[in-house]
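Undergrad: There's a structure below that I have some questions on.
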Amino acid sequence: MSEVRRVGMLTGGGDAPGLNGVIRAVTTRCAGEYGYEVVGIKRGWKGLLAPEEDSVVKLGVEDVRYILQEGGTILLSSRTNPYKNEGEAKKVVENMERFGIDALVAIGGDDTLGVARRLHEDFGVRVVGCPKTIDNDLSATDTTFGYDTAVSIATEAIDRIRTTAKSHERIIVVEVMGRHAGWITYGAGLASGANVTLIPEVEVDMDAVADLFKKRAERGEKWGIVAVSEGVTLGEEYITQDVERDEFGHVRLGGIAETLAKELKQRTGIDTRHVVLGHLQRGGTPTAYDRILSTRYGLRAAEAVKNGEWGKMVALRGNDVVTVSLEEATSETRTVPEDLQQVLSTFFG
Ligand code: F6P
534 MSEVRRVGML TGGGDAPGLN GVIRAVTTRC AGEYGYEVVG IKRGWKGLLA
584 PEEDSVVKLG VEDVRYILQE GGTILLSSRT NPYKNEGEAK KVVENMERFG
634 IDALVAIGGD DTLGVARRLH EDFGVRVVGC PKTIDNDLSA TDTTFGYDTA
684 VSIATEAIDR IRTTAKSHER IIVVEVMGRH AGWITYGAGL ASGANVTLIP
734 EVEVDMDAVA DLFKKRAERG EKWGIVAVSE GVTLGEEYIT QDVERDEFGH
784 VRLGGIAETL AKELKQRTGI DTRHVVLGHL QRGGTPTAYD RILSTRYGLR
834 AAEAVKNGEW GKMVALRGND VVTVSLEEAT SETRTVPEDL QQVLSTFFG
């Protein structure tokens, strides 16, 4: 196999604060230290499946020097799935050859990294993965960058909502992102002291939730905060924004907070409102923690390219950044475990 001269990098799936930290670190080490040529591929896998005029851009140390504080991704993103249509994936390999890309750093969640794993297995593509998602639901790493920022944003929002809920003696239900894992809601619910925190991992007991707020009202607190994951259901189907699914089969979750607010008003007689934090949780500058974690991920991904650790993903284990197989990394969704569920329920009331 030819030696690696040109390294491509792409960001796929939902954006997360810290993506530019990875891009900056990979480029600085690969181009600045190792002497590779680095190119950015725009719009995730779309940039290699159906390239546009601007899909491939050269990246040098000076291009990335000041992007660490920038939210989002300078390489744009998409939810394009090269394996959606039979036989299309090989176009990715053909376009890598066309652009002279010898190795790839794929930064993404389970969808993006699942494609990276298959390209490596099916075509021997030299790829290194870097875990990214605010959902923090990737099984093989302790934490993904973007998570700390999302929890900080949601916590600050709930702290603000608390003052208006108390002033108007209302229960306000706050809907938090995280798809089918409750990590962001767990973190923000705990950090903000929400009166009730509902996550997809725990079935909702509506009687118990209503009773909790009735008891609060009896002691003069006719108000409160419910933090609820977008993936929580009240027994039936997920509440979704519309019927269409993305190229990886995901529905667009959203609407549980409004449903829950109506249900609580009907059961308790207390006025309610709801707030959907939505994409606020993915926006803006990363926290210091996420700037540091994304930088460490990017540096180790560059090392993995130099070492030829293909088919691997960088991962945080304790305070060490290591590499694990992409197969292990994309095997299952990491959900909030029992012991942390107990931590949450300790403070319900
Ligand atoms: O995976 C990150 C995430 O923000 C989920 O928490 C959320 O359900 C989804 O992306 C939203 O996707 P989109 O930005 O495509 O609407």
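Numbering-wise (our numbering), the sequence shown opens with residue 534 and increments by one.
Note that CB positions come from ideal geometry on N, CA and C, so glycine has one too.
1) Could you have a look at Asp644 and say whether DSSP puts it in helix, strand or coil?
2) Taking DSSP as the reference, what is the three-state secondary structure of Leu813?
3) Thinking just about the alpha-carbon of each residue, which of Glu861, Met846 and Gly605 is nearest to the one in Val638?
4) Can you give the Cα-Cα distance for Val648 and Tyr771, rounded to whole angstroms?
5) Is the beta carbon of Gly711 less than 8 Å from the beta carbon of Glu734?
6) Can you tell which of Val707, Gly787 and Val765 has its C-alpha closest to the C-alpha of Gln774?
7) Classify Thr688: buried if its beta carbon has 16 or more other beta carbons within 10 angstroms, exposed otherwise.
8) In the region 809-882, which residue ranges form an unbroken alpha helix (DSSP H) of at least 4 residues, counting only runs that do not cross its ends?
9) Would you tell me roughly how many angstroms separate the C-alpha atoms of Val658 and His701, rounded to the nearest one?
10) Grouping DSSP H, G and I as helix and E and B as strand, with all else coil, what is Ser725?
11) When you compare only the Cα positions, how much space is there between Glu751 and Leu797?
12) Should Val531 go down as buried or exposed, given a rule of 16 or more other Cβ atoms within 10 Å for buried?
13) Mind listing, in chain order, the continuous beta strand (DSSP E) runs of no fewer than 3 residues lying wholly within the region 731-766?
14) With respect to 7 Å, is the separation between the Cβ of Arg785 and the closest non-hydrogen atom of the ligand F6P below this value?
15) Which residues does DSSP pair with Gly678 in a beta bridge?
16) Comparing the CB of Thr674 with every heavy atom of the ligand F6P, is any distance shorter than 7 Å?
17) For a test of your reading of the model: does the CB of Gly662 fall under 7 Å from any non-hydrogen atom of the ligand F6P? Yes or no.
18) Count Cβ pairs between the region 666-679 and the region 574-587 that sit closer than 8 Å; are there 3 or more?
19) Could you pull the DSSP bridge partners for His807 from this structure?
20) Quick check: the Cα distance between Lys508 and Ile694, rounded to an integer number of angstroms?
21) With H, G and I counted as helix, E and B as strand and the rest as coil, what does DSSP make of Asp491?
22) Can you check whether the CB of Ala834 is closer than 8 Å to the CB of Ala673?
23) So what's Val583 in DSSP terms, helix, strand or just coil?
24) In or out: Met542 buried (at least 16 other Cβ within 10 Å) or exposed?
25) For Gln602, which of helix, strand or coil comes out of DSSP?
26) If you scan the region 535-595 from start to end, which runs of the beta strand (DSSP E) of 3 or more residues do you find wholly inside it?
27) For Ala510 versus Asp587, is the C-beta spacing smaller than 8 Å?
28) Quick check: does the Cβ of Thr682 come within less than 7 Å of any heavy atom belonging to the ligand F6P?
29) So, does the region 868-878 touch the region 560-576, judging by three or more C-beta pairs under 8 Å?
30) Kindly indicate if chain D contains any beta-carbon less than 8 Å away from that of Tyr599.
31) Terminal residues of the continuous beta strand (DSSP E) containing Glu884?
32) By how many angstroms is the C-alpha of Gly604 removed from the C-alpha of Val707?
33) Sorry if obvious, but does the Cβ on Asp643 come closer than 7 Å to a heavy atom of the ligand F6P?
TA: Taking the geometry as given:
1) DSSP, reduced to helix, strand and coil, places Asp644 within a helical segment of the structure shown.
2) Secondary structure at Leu813: helix, using DSSP grouped into helix, strand and coil.
3) The shortest Cα separation from Val638 among Glu861, Met846 and Gly605 belongs to Met846.
4) Distance between the alpha carbons of Val648 and Tyr771: 26 Å.
5) No, they are not a contact pair.
6) Minimum Cα distance to Gln774 is reached at Gly787.
7) That one is buried.
8) As far as the region 809-882 is concerned, its whole alpha helix (DSSP H) runs of at least 4 residues are 821-840, 859-862 and 871-879.
9) Rounded to the nearest angstrom, the two C-alpha atoms are 58 Å apart.
10) Per DSSP, reduced to three states, the secondary structure at Ser725 is helical.
11) Annotation: Glu751 to Leu797 spans about 16 Å, alpha carbon to alpha carbon.
12) This structure leaves residue 531 out entirely; the chain is present only between 534 and 882.
13) As for any beta strand (DSSP E) of minimum length 3 sitting wholly inside the region 731-766, the runs are 757-762, ordered along the chain.
14) Yes - the ligand F6P has a heavy atom lying nearer than 7 Å to the Cβ of Arg785.
15) According to the sequence provided, residue 678 is Phe. The question's Gly does not apply to it. Paired residues: Lys665.
16) With a threshold of 7 Å, the Cβ atom of Thr674 does not count as near the ligand F6P, since no heavy atom of the ligand is closer than that.
17) Because no heavy atom of the ligand F6P lies under 7 Å away, the Cβ of Gly662 does not count as near it: no.
18) By the Cβ test, the region 666-679 is not in contact with the region 574-587, since fewer than three Cβ pairs between them sit closer than 8 Å.
19) Looking at the DSSP assignment, His807 forms a beta bridge with Val706.
20) Any property of residue 508 remains undetermined from this structure, which presents the chain solely from 534 to 882.
21) Coverage of the chain is limited to positions 534 through 882, which leaves residue 491 absent and any answer about it impossible.
22) No Cβ-Cβ contact shorter than 8 Å links Ala673 with Ala834.
23) The sequence shown places Ala at residue 583, not Val. Note: Ala583 maps to coil in three-state DSSP.
24) With a threshold of 16 other beta carbon atoms within 10 Å, Met542 meets it and is buried.
25) Look at Gln602 here: in three-state DSSP terms it is coil, with no helix or strand label.
26) Listed in chain order, they are 539-544, 570-574 and 589-592.
27) Nothing can be reported for residue 510, as the shown portion of the chain is limited to 534 through 882.
28) False, no ligand heavy atom lies under 7 Å from that Cβ.
29) They do not touch, by the three-pair rule.
30) Absent here is chain D; the protein component of the structure consists of one chain.
31) Here the chain comprises residues numbered 534 to 882, so residue 884 is not present and cannot be evaluated.
32) Between the C-alpha atoms of Val707 and Gly604 there is a straight-line separation of about 23 Å.
33) Asp643: no, Cβ never under 7 Å from the ligand F6P.
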